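Notes for the one structure printed next.
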Amino acid sequence: MKTKGTKSKKIKLPYGEGSIYYVESRKRYSGQINLVIDGERVRKTVYGKTERETRNKLKELQIQALAGNLHNEKKQQMPTVFQYAEKMMDEQLALNEIRQSSYDRKMETLKMLSAISDKPLNELSEDDIIAFFKTQLDYSQSCINKMYQLLGAVLSKATHRKIIEDNPIKEIKCPKSNKKTIPVRALTVDEQKKLLDVLKSEDIRYSDIMLLSMFTGMRIGECCALMVEDINLDDRTISVNKTVARGKFGKNVFNETKTSAGTRTLFVNEDVADFLRTIIGRKKSGLLFLSRNQNLVTTNQVNYSYSAALKAYGIVDKTVYGRVDLHSLRHTYATRCIESGMPAKVLQKILGHTDINITLNTYCSVFEKFRNEHLAVADEYMKANNLQIA
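For the sequence shown, full-length UniProt numbering gives the first residue as 1, with consecutive numbering after it.
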């Protein structure tokens, strides 16, 4: 007795033309044949009401395979690097693992991988990755790091989910840029005095935002997102709870602060409180700073005005090593705090760093200089009191 689904009545065909069975459960014939499709051996199955119909279908498959009209469905289902990266990022965004602004930045990085992102995941080799990065070495180290990290995350995820067996990037270290990395620096005291004088005396658009960053250490995006309601002049505090970021389709939107530690309350001195009191004037609510069109001010708008002012008034001392950009305002505040003797832990809270090591690493050279100056003072004190070892 035959069980349901069993094959019976095998019909012999010439070698290479497959085989035919009668399938009781389907009440029809089943034909199977091995074909080479897209360079791989694939087993195909067809069904027919009669033996002749099934035989003809097998012959048609052979003709189509020889003509190159058949494709390996499994191979076709393998996503490309771009497709899988996009899927991974979509998942991260949906699960709130990343913000829209981070998604947009990653998408820009993904576009930079275009030379290899059209390859199916299982066809991307270690040699492909090495060859690609050899052509990218004239980009900044920051750009290279972003490309390497994104590609690594995509391939790691694909390996974890068993979409590919081996991770082709796992033995490749992050390449080093041909470009020398020039760190962003703080303004010197003289540069700061020059800029302060220009911002207070000349008609520089968004100068109030630049001044607030310089005297509070707030990020420019955080300054642009400030509401009147975020400022308590009686307590002399600023509630930093959001930032301006680029959202979907490049539209500027409010976003959460860069990190959880970025949400913080800043205590300001009377000088800054008076400055804010003047800006607020009779405003009761709404954005503290507005563009010429009465819209949200963007970081790019502030940067354009800031860069123009630096150039027009010769603020930057080009003999001092380092790069001066908009972030230098925040660095300048932090540097003056360290020079005044502020402990790193206190500065960490003011700047909204998640980890004190970020503060220490970012301002390592300033802390070193501060430490050495205090050691020199201690040394002079010891000498003055005849407290010497030799």
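Positions of the beta carbon are idealized from the N, C-alpha and C atoms, including for glycine. The structure presented is a predicted model; accordingly, all values stated were derived computationally and were not measured.
Looking from the CA of GLY31, the closest CA among GLY39, SER25, ILE37 and THR50 belongs to THR50.
Using a Cβ distance threshold of 7 Å, GLY68 and LYS57 do not count as a contacting pair.
Nearest to GLY217 by C-alpha distance, out of THR359, GLU191 and GLU380, is THR359. Between the region 206 to 222 and the region 297 to 317 there are three or more C-beta pairs closer than 8 Å, enough to call the two in contact. The beta carbon of ASN178 sits closer than 8 Å to the beta carbons of LEU137 and ASP138 from its chain, once the five residues preceding and following it are set aside; these are given in chain order. Per DSSP, the unbroken beta strand (DSSP E) holding TYR47 starts and ends at 40 to 48. Per DSSP, the continuous beta strand (DSSP E) segment holding SER30 begins and ends at 28 to 37. Per the coordinates, the alpha-carbon of ARG277 lies some 15 Å from the alpha-carbon of GLY286. Annotation for SER19: the continuous beta strand (DSSP E) segment containing it runs 19 to 23. Here the alpha carbon of ASP118 sits roughly 35 Å from the alpha carbon of GLY221. Scanning the region 276 to 353 for uninterrupted alpha helix (DSSP H) segments of 4 residues or longer gives 299 to 312, 328 to 339 and 344 to 351, listed from N- to C-terminal end. DSSP, reduced to helix, strand and coil, places SER125 outside both helices and strands of the structure shown, so it counts as coil. A check of alpha carbon separations from GLN64 across ASP38, LYS146 and TYR22 identifies ASP38 as the nearest. For the pair LEU195 and ILE356, the CB atoms are not nearer than the 7 Å cut-off. Sequence-distant partners of ASP271 (beyond 5 residues in either direction) whose C-beta falls short of 8 Å from its own C-beta, in its chain, are PHE215.
Within the region 101 to 188, complete alpha helix (DSSP H) segments of at least 4 residues are found at 114 to 117, 126 to 134 and 141 to 160, given in chain order. Taking ILE238 as reference, the option from LEU351, ALA85 and VAL81 with the minimal CA-CA separation is LEU351.
The beta-carbon distance between PRO168 and LEU155, rounded to whole angstroms, is 6 Å. This is short enough to meet the 8 Å contact definition. Excluding five sequence positions before and after ILE182, the CB atoms of its chain that fall closer than 6 Å to its own CB belong to ARG323, given in chain order.
In terms of Cβ geometry, ALA158 and LEU121 form a close pair [threshold 7 Å]. Rounded to whole angstroms, LYS162 and LEU70 show a C-alpha spacing of 26 Å.
Under the DSSP assignment, ARG264 falls in the beta strand (DSSP E) whose first and last residues are 264 to 267. For the 7 Å CB-CB criterion, LYS311 and VAL228 do not form a contact.
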